[in-house]
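Residue numbers (this note's numbering): 41 to 795.
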């Protein structure tokens with residue numbers, strides 16, 4: 041794989057291929073989603089005659105990024121030679137990125153063994169974002185034109201009244217009455233009354249800071265109503281109102297006491313402000329947790345931090361539609377039109393998605409109640425297990441962000457080491473913790489749960505992740521194409537992985553002795569009649585079969601699988617990098633030093649280490665409180681392992697794959713699952729075997745028949761689906777249905793013997 045420009049000296053990198061071989065069409069630009077930062081542009085050609093060709097008509101966001109050079113049919117000595125040439129270049133892509141760091145991150149997504157990451161690792165120029173995305177980061181001080189109040193009556197705004205508006209308004213009304221009772225706080229009582237009406241229905245209204253000229257006019261005519269809506273508005277729409285111009289006080293008039301020299305200010309800060317701090321803090325918290333109501337959180341936070349700390353005579357509440365102040369007379373502080381925005385699912389804080397930010401306190405809750413409430417006085421084991429498992433989701437996201445940040449800012453060698461070291465740390469932490477607790481508590485059921493989780497991860501990554509990506513991507517893009525040759529490499533590695541992992545199991549079934557715990561004669565006393573046996577299994581402890589044959593085979597396989605992984609790295613990244621052939625197109629790409637990176641290398645490393653430690657703690661709590669879950673009589677322990685324990689840590693990867701599929705980049709959506717499945721077989725399982733060799737926890741690489749045949753069947757099905765290099769929602773549905781059928785098998789399967 042090479043990180044080169046499209047204007048390189050290699051002319052083959054500019055050749056176009058026939059339209060029928062086009063794969064991975066350019067990512068469609070969604071102006072509402074703001075996905076203009078990265079596109080993939082295939083290069084193709086179609087022959088109109090034997091000697092001439094014209095470029096294939098192809099929709100592209102930035103056609104200048106793709107170069108065209110037609111190949112004449114005469115340049116090929118034979119049809120087979122032409123087909124070979126087209127086969128070599130049919131996966132060629134051009135990537136556009138804002139800076140070198142982002143370009144390196146995008147290229148890493150196509151590298152074998154590197155974690156696929158969708159989110160940005162650098163700050164995007166705000167002026168280049170779409171209007172929808174800019175709206176997400178608005179400070180709610182922007183005056184906008186709208187046709188009428190009917191546009192403000194939406195479902196979200198009505199829901200706001202029932203969820204937040206009535207009790208915030210009631211709190212202001214009560215505080216207003218309190219301020220009027222103090223006499224000196226009457227100005228704040230008037231302000232609270234106005235804000236009480238405002239927060240009951242804030243949409244279409246604005247809060248302004250009044251300038252000196254208008255306030256002086258009101259002071260000179262106290263008996264007249266100060267109409268602040270009579271002048272024409274000269275300030276531009278869609279922009280915050282300009283800052284006021286201070287006008288000096290009239291000579292001879294007494295100066296108003298400064299804000300912090302008034303007795304009423306301290307009455308307000310002692311009696312009126314504290315209860316509103318509690319009210320607004322609660323409103324901020326609940327609206328932020330709901331994510332789609334973040335505008336409500338911003339509105340409450342801005343009121344608490346700015347508006348309530350201003351002199352009451354400087355605050356004016358009016359209707360946005362009737363705002364006719366002169367341009368330099370007031371400054372808009374707050375103006376909200378809608379309480380909800382469905383695009384807040386992509387809102388980020390320091391590069392971290394808002395969902396991961398909101399789930400991070402769950403980690404603290406899990407650790408506090410898990411290690412302090414040992415007697416389960418405040419929470420049951422079921423609750424602790426659910427919180428501990430849920431806390432792994434944000435930690436997996438932070439680990440993925442840290443890996444992507446370090447890899448994007450480093451060379452290939454460092455990136456490969458970081459991905460191999462931390463790429464499977466979440467799963468390995470849980471598996472090793474469960475095995476240690478199984479060994480310490482003499483509970484063999486946890487070993488079976490670990491094997492079920494390993495198999496569940498394989499099934500989910502082979503069937504569910506590609507299937508759901510095909511469904512969602514197919515519903516939006518009808519038919520999607522992917523690089524069948526690169527997918528073929530992943531498929532071959534999957535065959536090798538599954539074959540190697542289950543080789544000891546097949547060997548034990550071929551040479552082991554079948555032993556049954558209980559056999560009864562179905563005909564009564566006739567010893568020659570048929571027998572019914574229960575809990576039959578292959579006995580490997582008797583004799584020398586296990587220690588002389590099976591155990592050496594396990595160690596041999598565990599050594600060969602990482603070797604195959606390394607060979608796959610060399611094949612896809614060095615000797616046959618043209619399979620992926622990723623190029624960075626020309627454009628306004630800034631240098632590495634010009635990019636504003638969310639997380640530096642050292643910060644990413646510290647976060648990786650902290651996230652790993654916290655993951656270990658949460659995994660320890662999950663395994664400590666999993667036994668009540670396993671003891672459920674109606675649910676098989678196999679089912680718990682292949683679903684909850686296997687797929688919950690992979691939720692960030694599922695989200696990444698879906699985002700790739702939505703952008704018409706189904707190749708990366710499919711590679712997300714294949715990459716995890718290969719790492720499970722070629723890295724995670726050998727590491728578990730190596731750990732067991734140094735610290736014997738009783739882990740034996742022998743799986744049940746259900747794990748064996750479910751995994752082999754899944755690999756066969758997914759390879760059949762990937763043969764034609766095309767995907768649609770029907771093929772994705774087929775994979776998901778097969779996955780659900782296998783889950784049904786696990787759900788109705790009896791728990792392992794002795795559990």
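Built from N, CA and C at the ideal position, the CB exists for glycine as well.
DSSP places residue 222 outside any beta strand (DSSP E), giving it a letter other than H or E. Going by beta carbons, residue 143 and residue 429 fall outside the 8 Å limit.
Taking 8 Å as the cut-off, the Cβ atoms of residue 476 and residue 737 count as close. With 16 or more other Cβ atoms inside 10 Å of its own Cβ, residue 660 counts as buried.
The Cβ neighbour count for residue 195, taken over all protein chains shown within 10 Å, is under 16; the residue is labelled exposed. Residue 741 carries a coil assignment under DSSP once its states are collapsed to helix, strand and coil. Counting along the chain, residue 359 sits inside the beta strand (DSSP E) bounded by residues 355 to 359. Three or more pairs of CB atoms, one per stretch, sit closer than 8 Å, so the region 714 to 728 contacts the region 599 to 612. Exposure of residue 453 is indicated by the presence of fewer than 16 other C-beta atoms within 10 angstroms of its C-beta. For a cut-off of 8 Å, the C-beta gap from residue 488 to residue 677 is around 6 Å, short enough to register as a contact. A distance of 8 Å or more separates the beta carbons of residue 537 and residue 590. Under DSSP, the beta-bridge partners assigned to residue 248 are 356, 372. A direct Cα-Cα distance of roughly 51 Å separates residue 310 from residue 138.
Cβ atoms of residue 707 and residue 522 come within 8 Å of each other, at about 4 Å.
The beta carbon of residue 460 sits closer than 8 Å to the beta carbons of 153, 723 from its chain, once the five residues preceding and following it are set aside; these are given in chain order. Assignment of residue 420 by DSSP, reduced to helix, strand and coil, places it in the coil class. According to the DSSP assignment, residue 677 belongs to the alpha helix (DSSP H) that extends over 677 to 680. With contacts defined as CB atoms closer than 8 Å, residue 320 and residue 350 fail to qualify as a contacting pair. The beta carbons of residue 211 and residue 220 sit no closer together than 8 Å. At a Cβ-Cβ threshold of 8 Å, residue 530 and residue 765 do not count as neighbours. By the neighbour-count criterion, in which a residue is buried when 16 or more other Cβ atoms sit within 10 angstroms of its Cβ, residue 298 is exposed. Of the other Cβ atoms in all chains shown, 16 or more fall within 10 Å of the Cβ of residue 686; this residue is therefore buried. With a contact defined as Cβ atoms closer than 8 Å, residue 731 and residue 542 miss out at about 20 Å. DSSP, read as helix, strand or coil, puts residue 379 in coil. Taking every protein chain shown into account, the CB of residue 596 has fewer than 16 other CB atoms within 10 angstroms, so this residue is exposed. A straight-line Cα-Cα distance of about 24 Å links residue 474 and residue 694. The beta carbons of residue 741 and residue 594 sit closer together than 8 Å. Burial is judged here by how many other beta carbons sit within 10 angstroms of a residue's own beta carbon; residue 312 has at least 16 and is buried. The region 200 to 216 makes no contact with the region 383 to 400: fewer than 3 CB pairs, one atom from each, lie closer than 8 Å.
The DSSP-derived three-state label of residue 305 is helix.
The Cβ-Cβ distance between residue 339 and residue 180 falls below 8 Å.
With contacts defined as CB atoms closer than 8 Å, residue 688 and residue 432 qualify as a contacting pair. Contact between the region 636 to 651 and the region 405 to 420 is absent, with fewer than three C-beta pairs closer than 8 Å.
Distances from the CA of residue 540 to each of 673, 425, 748 were compared; the closest alpha carbon is that of 748.
Separation of the CB atoms of residue 771 and residue 510 is rounded to 6 Å, and the pair is thereby assigned contact status at 8 Å. Ranked by Cα distance from residue 155, the options 782, 752, 316, 690 are led by 690.
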